[in-house]
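The sequence shown finishes on residue 420 if you use the numbering used here, and the numbering steps up by one all the way, no holes. Positions of the beta carbon are idealized from the N, C-alpha and C atoms, including for glycine.
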Amino acid sequence: DHAQRLSLDRASNELDLLAESLKKTRLSSGFHIEDFARDRFEKNLGRYDTLINKVLKNQGFTGWRSKLFMILCAGLIVYLVSVKVLLTPEQHLSLGTAAAFMAVLCWLYFPLESLWLGRQAKQDGIEVASRIQRYLDQIPTVGQMVGAKFLSPLAKLLEFDRVTYTHPTSKKALLNELTLKIPAGRKIALISTDPQEAWAVASMLPRFIDPQMGKVKVDGEDISRVTLDSLRAEVACVWAQESFFSGTVRENLAMGSENLTLPQIVEAAKMSHAHNFISLLPHGYETMIGEHGEDLDDGQAFRLSLARACLRNPALIVIEEPSKKLDDDTKDLIDDAYQRIEPGRSIIFLPTRLSTLKRADEIVLLHQGKVAAIGPHAHLVKKDQLYRHWEYVHFNEFRHQLVPQAEPV
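Here you go:
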């Protein structure tokens, strides 16, 4: 019926939100809103539990009625057959005896069915619980050491000191004793012949992954020895994917922070050129976006992510540009947003546009886990053969047939 379908739809929506929470762990970790994400997850789980129990209860009642009807029909058939075929007139089966027979059938059927379904549910539950337990028993790859220090904002130098990293599922080292020094306040475009190498470097800055050897330092301080809170407060990440979760625009920008006022949120949105399209949404900053809300195109989602990063006022921003083609107006808005957010902070781009390479102070090209070339675009395009080849492969008109898409480490 209508109520049953409505409950199923609502339960399905809550299940989608639960799945989203599990998929967006990097987003919540990067902005250190694990408590906020946990509260959302628990509320969604509670609503899903209530709705699914209601659905199962209704299904059980409906199933009980249909099964009782089938038993009554079967009993009626047995009664009629016994009267007309099996029994002589002297052995005629009375209506009372037939009713008793059907009652016995019901009495036997329902307990046996419950026993079978209970056993099946127990086996399914044990299997699911086992998978959950294996997941919970996993040791986090990144943790905070006892006595970790508070990290001050990047002021002098970001350094990768002989960093080596191999992905757990691969035997090949993505980074091989990488040594790189980036002065504070610089705009760096980070590229690599293997897209996973640049991803590994970017993912180490907020400590989504740690090197197996070597150190990542901020002003000489090993970031593995500082608190995750202070590190991620100073390193904001703008990812091309996983840019927002289901909720209002305001919730996505505030990310659980109760200290941010609406004027502050609007100011950050204006800085990233997100305010205009937000104002055109049905309910402005209170418009729902995400899985069950308004759809945003790649350019809008990217500018929303830029605004969220600016709200934290971090010393370092890692920006992964969208891989999909943007229209010229959106490109101009993004370039102007870069110009607004760059002063006073360090920027590391994972670029997909030639204009971003040209605006960078320096381009760092990684090859086979090491720095193969470093310098501004105008210099590298003249002096470095590997960079010229990389630029041709990525920016000629057939590039989508030649270049594999980078995936998160």
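**Request:** State the Cα-Cα distance for the pair Glu402 and Leu377, rounded to the nearest angstrom.
**Result:** 13 Å
**Meets three-Cβ-pair contact criterion under 8 Å: the region 254-262 and the region 286-300** = yes
**Asked** Is the Cβ-Cβ distance between Ile359 and Glu373 less than 7 Å?
**Response** no
**Asked** Helix or strand or just coil, what does DSSP make of Phe256?
**Response** If DSSP states are grouped into helix, strand and coil, Phe256 belongs with coil.
**Asked** So Ala251 and Glu353 are in contact, right, with Cβ under 8 Å, and what is the actual spacing, rounded?
**Response** Rounded, the Cβ-Cβ distance is 19 Å, inconsistent with contact.
**Beta-carbon contacts of Asn407 that lie in its chain and below 6 Å, excluding the five residues immediately before and after** = Nothing listed; no residue qualifies.
**Asked** Between Arg364 and Gln155, what straight-line distance do the alpha-carbon atoms span, to the nearest angstrom?
**Response** 36 Å
**Asked** Using 8 Å as the threshold, is the region 202-215 in touch with the region 171-178, meaning 3 or more CB pairs across them?
**Response** yes
**Prompt:** Nearest-angstrom Cα distance between Ile330 and Lys369?
**Reply:** 15 Å
**Request:** Alpha carbon to alpha carbon, how far is Arg58 from Glu232? Give it in angstroms, no decimals.
**Result:** 45 Å
**Prompt:** Can you list, in chain order, the stretches of the alpha helix (DSSP H) that have 4 or more residues and sit fully within the region 215-289?
**Reply:** 239-245, 260-265 and 273-282
**Asked** What is the residue span of the alpha helix (DSSP H) that Lys192 lies within?
**Response** Segment Ala184 to Pro194 is the beta strand (DSSP E) holding Lys192; no alpha helix (DSSP H) there.
**Item:** Beta-carbon contacts of Ala6 that lie in its chain and below 7 Å, excluding the five residues immediately before and after
**Value:** Because the chain is modelled from 12 through 420, residue 6 falls outside the range shown and cannot be assessed.
**Asked** Using a Cβ-Cβ cut-off of 8 Å (strictly less than) and excluding sequence neighbours within five positions of Lys335, which residues of its own chain qualify?
**Response** Asp309
**Message:** Do Lys160 and Val227 count as a contact pair if the criterion is CB distance below 7 Å?
**Reply:** Taking the C-beta atoms as reference points, Lys160 is found no nearer than 7 Å to Val227.
**Asked** CB-CB under 6 Å to Gly355, same chain, minus the five flanking residues each way: which ones, in chain order?
**Response** Answer for Gly355: no residue qualifies.
**Message:** Can you give me the C-alpha to C-alpha distance between Pro419 and Ile199, rounded to a whole angstrom?
**Reply:** Note that Pro419 scores 41 on pLDDT, short of 50, meaning its location in the model is unreliable; the coordinates nonetheless yield the value given after this. If you take the alpha carbons of Pro419 and Ile199, they lie about 20 Å apart.
**For Ala384: DSSP bridge partner residues** = Leu376
**Item:** Selected residue, minimal CA-CA separation from Asp338, among Arg351, Gln350, Gln311 and Val277
**Value:** Gln311
**Asked** According to the neighbour-count rule (16 or more other Cβ atoms, all chains shown, within 10 Å of its Cβ), is Asn287 buried or exposed?
**Response** Answer is exposed; the Cβ neighbour count stays below 16.
**Asked** What separation, rounded to the nearest whole angstrom, lies between the Cα atoms of Asp221 and Lys65?
**Response** So the two alpha carbons sit approximately 45 Å from each other.
**Asked** Excluding sequence positions up to five away, which residues of its chain have a Cβ less than 8 Å from the Cβ of Pro387?
**Response** Ala371, Asp372, Glu373 and Ile374
**Message:** Taking the beta carbon of Asn263 as the centre, do at least 16 other beta carbons fall within 10 Å, making it buried, or is it exposed?
**Reply:** buried
**Strand pairing of Val174, partner residues [DSSP]** = Leu189
**Item:** DSSP state of Leu162 mapped onto helix, strand, coil
**Value:** coil
**Residue(s) in a DSSP beta bridge with Ala213** = Ala213 is not bridged to any residue.
**Rounded Cβ spacing between Leu201 and Leu397 (contact assumed at less than 8 Å)** = The pair is not a contact, with the Cβ atoms about 15 Å apart (cut-off 8 Å).
**Message:** Within 10 Å of its beta-carbon, does Ser283 have 16 or more other beta-carbons around it, so buried, or fewer, so exposed?
**Reply:** buried
**Prompt:** What's the gap between the Cα of Gly295 and the Cα of Arg49?
**Reply:** 27 Å
**Message:** Per the DSSP calculation, Ala200 is bridged to which residue(s)?
**Reply:** Residue pairing by DSSP places Ala200 opposite Phe360 and Ile374 in a beta bridge.
**Request:** Determine the extent of the beta strand (DSSP E) in which Glu331 is found, giving its start and end residues.
**Result:** Bounds of the beta strand (DSSP E) holding Glu331 are Leu327 to Glu331.
**Item:** Spatially closest choice to Pro164 from Gln379, Asp230 and Lys192, by CA coordinates
**Value:** Asp230
**Prompt:** Going by alpha carbons, who is nearest to Lys281 out of Leu291, Ala348 and Leu242?
**Reply:** When each option's Cα is compared against that of Lys281, the closest is Ala348.
**Per DSSP, the bridge partner or partners of Glu305** = Ile300
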